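All remarks here apply to the structure that follows.
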Amino acid sequence: MARHSITVNVNGAPRSAEVDSRLLLVHFIRENLVLTGTHIGCDTTHCGACTVLLDGTPVKSCTVLAVQADGRNVTTVEGLEKDGKLDPIQEGFMQEHGLQCGFCTPGMMLTSHALLERNSKPSEGEIRAAISGNLCRCTGYVNIVKAVQYAAAKS
Amino acid sequence: MIPPPFDYHAPKTLPEAIALLGQLGEEAKILSGGQSLLPLLKLRFASPGHLVDIGRIPGLDYVKEEGGFLRIGALVREAELESNPLITSKYRILTDTASVIADPIVRNLATVCGNLAHGDPANDHPATMLALGASVVLTGPSGTREVPVASFFTGIFTTALKPNEVLTEIRIPVPPAGSGGAYIKLERKVGDFATAGVAAFLVLKGGTIERAGIGLTNLGPTPIQASAAEAALVGKTPDEAAFASAGTLASSATSPNPDRRGQTDYKKEMARVLTIRALHKAAQRAGGN
Numbered sequence: 001m002a003r004h005s006i007t008v009n010v011n012g013a014p015r016s017a018e019v020d021s022r023l024l025l026v027h028f029i030r031e032n033l034v035l036t037g038t039h040i041g042c043d044t045t046h047c048g049a050c051t052v053l054l055d056g057t058p059v060k061s062c063t064v065l066a067v068q069a070d071g072r073n074v075t076t077v078e079g080l081e082k083d084g085k086l087d088p089i090q091e092g093f094m095q096e097h098g099l100q101c102g103f104c105t106p107g108m109m110l111t112s113h114a115l116l117e118r119n120s121k122p123s124e125g126e127i128r129a130a131i132s133g134n135l136c137r138c139t140g141y142v143n144i145v146k147a148v149q150y151a152a153a154k155s
Numbered sequence: 156m157i158p159p160p161f162d163y164h165a166p167k168t169l170p171e172a173i174a175l176l177g178q179l180g181e182e183a184k185i186l187s188g189g190q191s192l193l194p195l196l197k198l199r200f201a202s203p204g205h206l207v208d209i210g211r212i213p214g215l216d217y218v219k220e221e222g223g224f225l226r227i228g229a230l231v232r233e234a235e236l237e238s239n240p241l242i243t244s245k246y247r248i249l250t251d252t253a254s255v256i257a258d259p260i261v262r263n264l265a266t267v268c269g270n271l272a273h274g275d276p277a278n279d280h281p282a283t284m285l286a287l288g289a290s291v292v293l294t295g296p297s298g299t300r301e302v303p304v305a306s307f308f309t310g311i312f313t314t315a316l317k318p319n320e321v322l323t324e325i326r327i328p329v330p331p332a333g334s335g336g337a338y339i340k341l342e343r344k345v346g347d348f349a350t351a352g353v354a355a356f357l358v359l360k361g362g363t364i365e366r367a368g369i370g371l372t373n374l375g376p377t378p379i380q381a382s383a384a385e386a387a388l389v390g391k392t393p394d395e396a397a398f399a400s401a402g403t404l405a406s407s408a409t410s411p412n413p414d415r416r417g418q419t420d421y422k423k424e425m426a427r428v429l430t431i432r433a434l435h436k437a438a439q440r441a442g443g444n
């Protein structure tokens, strides 16, 4: 089994490692880089708990190989905060109680962050459609939608 | 879940990819969006010795009308069909289809060509491409060959693609004036495979149907072209009576397996009902009633 030297720009800093072909991006993030904000939920491309941004686009990191991210930019939940200041989406989840157990929250925030980057004033329907690949089993989504609306109003 | 061991290759050009595929033979699988392949590996349904990642080959992510065809390159993502203005205005059947595949995050990586190359009868684009009379371009060591989608699917998870070929382009004839298409999928929840899915495409001329295309999803071992239903529609006025008999004919072309999504009879009935609905929607978009 071949090994590959990869360098991935994670949250703005280059991170290099030698990895197996079959190493999944989520394992690279959690185990090699010890960035455990990215969660493993279903591990079958359904739940979206492992969502990260790959060159700014939300992807399920349990269904991407680490080698596929070589030379590209990855943003995890740890990269949302800038200079000690929370991203508006993080503030929104706090202010609007957008989480209960918190397991889906990193993925929810990254997907919503990417939505607001391309559509700064999404309708409720657009928010709900955008997060339809991120499952939450606690909130019923009502406060998550409010959290995204809070961030949209703020940014 | 960790995939079984394999070697990973990332060719920079198409000829390099094809040479590698030729050298590795049946042991290699093409990795593109990976949204079907990687789950299969993780579940150990497949364990190829080599993955040839075509994702780093430049110039394969085009969507354009050229020479009378809409051309969709190998690396065009499903999400593109939901946002590209050419597609959302003129090829609404493609937007219908893309928007019910898995979920938006999966669609950011999943490719349209991969949806065909995978050969899964549960995938949604095959039905749409059958309805539209599309063909696929297969590129191998001695050049390209064009295969109609109608003869591309040879069996369950089996296609006309040879081990040393890459599906590089989908070609859809530019729809004539007075035409319209729609895709309707019945699913248990967002992101599920179809219980049944129907793609319908109609060309209307002078108040009658000049041409009809109907493709069916997950209703047999391969994607199904409902040829008898298509033929029966030609020359008819696009009304309830014509659509009702097409629905019955389309349903009898199916052979669905019973599973968690429903029994055989239920799926056949859904094929009938969805065919009628898809035809109405296609007719509406074609400017009929």
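If you're matching them up, the sequences are chains A and C in order.
Positions 1 to 155 (my numbering) are the ones given, in order, by the first sequence.
Positions 156 to 444 (my numbering) are the ones given, in order, by the second sequence.
Ideal placement from N, C-alpha and C gives every residue a C-beta, glycine not left out.
What you are looking at is a predicted structure, and each value in this text was computed from that prediction instead of being measured.
- Closest in C-alpha terms to Ser400/C, from the list Leu434/C, Arg343/C, Arg415/C, Pro213/C, comes Leu434/C.
- Contacts with chain A at 8 Å (Cβ-Cβ) include Phe161/C.
- A distance below 8 Å separates the beta carbons of Leu215/C and Thr323/C.
- Within the same chain, and ignoring the five residues on either side of Gly133/A in sequence, the residues whose Cβ sits closer than 6 Å to its Cβ are Gly48.
- Around the beta carbon of Thr45/A, 16 or more other beta carbons sit within 10 angstroms, so the residue counts as buried.
- In this structure Val19/A does not touch Val77/A by the C-beta definition: roughly 22 Å separates them, more than the 8 Å allowed.
- The beta-bridge partner set that DSSP reports for Glu324/C consists of Gly228/C, Val292/C.
- Using a CB distance cut-off of 8 Å, Val142/A does not count as an interface residue toward chain C.
- Taking 8 Å as the CB threshold, Met425/C stays off the interface with chain A.
- Residue pairing of Gln380/C in beta bridges, as defined by DSSP: Gly370/C.
- In the structure shown, Glu96/A falls within a coil segment according to DSSP collapsed to helix, strand and coil.
- For chain A, the residues of the segment 260-274 of chain C that bring a beta carbon within less than 9 Å of one of its beta carbons are Ile260, Val261, Arg262, Asn263, Leu264, in chain order.
- Neighbours of Val148/A in chain C, taken as residues at a C-beta separation under 9 Å, are lacking, since the least C-beta distance is about 14 Å.
- Counting other Cβ atoms within 10 Å of its Cβ, Asp258/C reaches 16 or more and is therefore classed as buried.
- Contact annotation for Val345/C against chain A: Ser132, Gly133 [CB-CB distance below 9 Å, chain order].
- Taking Ala253/C as the centre and dropping the five residues before and after it, the same chain places the C-beta of Glu233, Leu236, Glu237, Arg262 closer than 7 Å to its C-beta, in chain order.
- Straight across, the Cα-Cα distance linking Thr243/C with Leu249/C is about 8 Å.
- Assigned with DSSP and collapsed to three states, Ala337/C falls in strand.
- Between Gly375/C and Leu357/C a beta carbon distance of about 23 Å is seen, past the 8 Å cut, so the two are scored as non-contacting.
- Interface residue (Cβ-Cβ distance to chain A less than 8 Å): Asp258/C is classified as such.
- With its beta carbon at least 8 Å from every one in chain C, Ser123/A lies outside the interface.
- Against Leu193/C, the close residues of chain A are Leu24, Thr45, Cys62, Thr63, Val64, Leu65, in the order they occur along the chain (beta-carbon pairs closer than 9 Å).
- Ala257/C carries a coil assignment under DSSP once its states are collapsed to helix, strand and coil.
- DSSP places Tyr163/C in the strand class (E or B) of the three-state scheme.
- Counting along the chain, no beta strand (DSSP E) covers His113/A; the unbroken alpha helix (DSSP H) around it starts and ends at 105-118.
- By the Cβ neighbour-count rule, Thr350/C is buried, with 16 or more other Cβ atoms within 10 Å of its own.
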